[in-house]
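Trainee: Residue numbers (the numbering used here): 192 to 445. Where a beta carbon is used, it is the ideal one built from N, C-alpha and C, also for glycine. All values reported here derive from a predicted model rather than from experimental measurement.
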Ligand SMILES: Nc1ncnc2c1ncn2[C@@H]1O[C@H](COP(=O)(O)OP(=O)(O)OP(=O)(O)O)[C@@H](O)[C@H]1O
Ligand SMILES: [Mg+2]
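What follows is the structure in structure tokens.
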């Protein structure tokens, strides 16, 4: 497969055309951003870590019946994916209060939620990815009511499978952002990436969750995600390597 023209340069990835109109070449970048790009840093090794972590997670999801746009990883920093017509939606699910949810609703970080929460954000850098509800999405023509129903069902199923996957490697899936698109024959599929950039991952080996209720008291949170970068808690590399190592062990155990 040949890498042809650059189609899109995002904050974390570059997308190129290939000779197959149904396949895109994705190059992961070493760039880390926070605050919608307000904070930016080149972190050597990040691209390889996220490319491999996404590949392993999509492979694990496929094992449990969740298909995705992934075709295959083709180099340490590159993978081939099915070209999708993307919904301009950041699809977020929360199992534990954290981040903008805690800020917006005044709920302590680490508070277990009675039920997982599904949220949508409109993917718009100029508007800073605003929070929207179903009616907003339909009114703006971002998705139809039927598509949103499918997106919600698939997203909730992914949360169940992904929560179990991370629990099997002693990690609490606090929340995560996914994106979905439509294939040329109209099928809605999981796309983009699933990495410590797009998830909040707390280590259950560090004694957190000792009470077993999912709630984590301050000082007991061992973060294995991009909050380390957002909150200036040091290098993300050891945490990302830890997640990769545990996923590699899991893959090797099958
Ligand atoms: N299979 C796919 N087909 C077409 N576009 C895709 C596919 N998977 C992901 N994309 C799009 O490719 C882009 C990936 O780039 P990247 O994640 O770096 O940037 P971004 O999403 O624009 O910005 P950020 O994620 O940093 O907010 C996104 O716009 C994403 O929606
Ligand atoms: Mg992105």
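The beta strand (DSSP E) spanning residue 235 covers which residue range?
Mentor: Indexing the chain shown from 1 puts residue 235 at position 44. Here residue 235 belongs to no beta strand (DSSP E), and DSSP marks it neither H nor E.
Trainee: Mind the definition here: the stretch 253–266 touches the stretch 317–328 only if three or more C-beta pairs lie below 8 Å; say whether that holds.
Mentor: Touching, no.
Trainee: Would you check if there are 3 or more beta carbon pairs closer than 8 Å linking the stretch 332–339 to the stretch 353–369?
Mentor: Segments in contact, no.
Trainee: Taking just the CA atoms, how far does residue 297 sit from residue 432?
Mentor: Counting from one through the chain shown, the residue named residue 432 turns up at place 241. Counting from one through the chain shown, the residue named residue 297 turns up at place 106. Looking at the two C-alpha atoms, the distance is approximately 33 Å.
Trainee: Between the Cα of residue 417 and those of 289, 440 and 436, spot the shortest distance and give me the residue it belongs to.
Mentor: Position 226 of the chain shown, counting from 1, holds the residue named residue 417. Nearest option by C-alpha distance: 289.
Trainee: Measure the Cβ-Cβ separation of residue 470 and residue 415 and say whether it is below 8 Å.
Mentor: Nothing in the structure corresponds to residue 470, since the chain is present only between 192 and 445.
Trainee: Quick check: residue 228 and residue 202, are their CB atoms within less than 8 Å of each other?
Mentor: Locating residue 228 in the chain shown gives position 37, counting from the first residue. Locating residue 202 in the chain shown gives position 11, counting from the first residue. In contact: residue 228 and residue 202 (Cβ atoms closer than 8 Å).
Trainee: Give me the Cα-Cα distance between residue 387 and residue 327, rounded to the nearest whole angstrom.
Mentor: To locate residue 387, count along the chain shown from 1; it is residue 196. To locate residue 327, count along the chain shown from 1; it is residue 136. Answer to the nearest angstrom: the Cα atoms are 29 Å apart.
Trainee: Could you tell me whether any Cβ in chain C is nearer than 8 Å to the Cβ of residue 305?
Mentor: The displayed structure is made up of one protein chain only, and chain C is not part of it.
Trainee: Going straight from the alpha carbon of residue 272 to that of residue 195, what length do you get?
Mentor: Position 81 of the chain shown holds residue 272. Position 4 of the chain shown holds residue 195. Rounded to the nearest angstrom, the two C-alpha atoms are 14 Å apart.
Trainee: Inspect the beta-carbon positions of residue 255 and residue 366 and report whether they are closer than 8 Å.
Mentor: The count along the chain shown starts at 1 and reaches residue 255 at position 64. The count along the chain shown starts at 1 and reaches residue 366 at position 175. Not closer than 8 Å, so no.
Trainee: Closer than 6 Å is what we want: which residues have a beta carbon that near any heavy atom of ligand 2? List them in chain order.
Mentor: Per the Cβ criterion, the list is 201, 203 and 383.
Trainee: Would you mind giving the Cβ-Cβ distance between residue 250 and residue 382, rounded to the nearest angstrom? I have them listed as a contact below 8 Å.
Mentor: Sequence index remark: in the chain shown, residue 250 carries index 59 (1-based). Sequence index remark: in the chain shown, residue 382 carries index 191 (1-based). Not confirmed; about 15 Å, so no contact.
Trainee: Quick one: does the C-beta of residue 332 sit closer than 7 Å to a heavy atom of ligand 1?
Mentor: Along the chain shown, read from residue 1 onward, the residue named residue 332 stands at position 141. No, Cβ of residue 332 sits at least 7 Å from all heavy atoms of ligand 1.
Trainee: Where are the beta strand (DSSP E) runs, 3 residues long or more, that stay fully inside the stretch 239–278, in chain order?
Mentor: Segments of the beta strand (DSSP E) lying fully in the stretch 239–278: 261–264 and 269–273.
Trainee: Do residue 223 and residue 434 have their beta-carbon atoms positioned less than 8 Å apart in this structure?
Mentor: The residue you call residue 434 lines up with position 243 of the chain shown. The residue you call residue 223 lines up with position 32 of the chain shown. No, they are not a contact pair.
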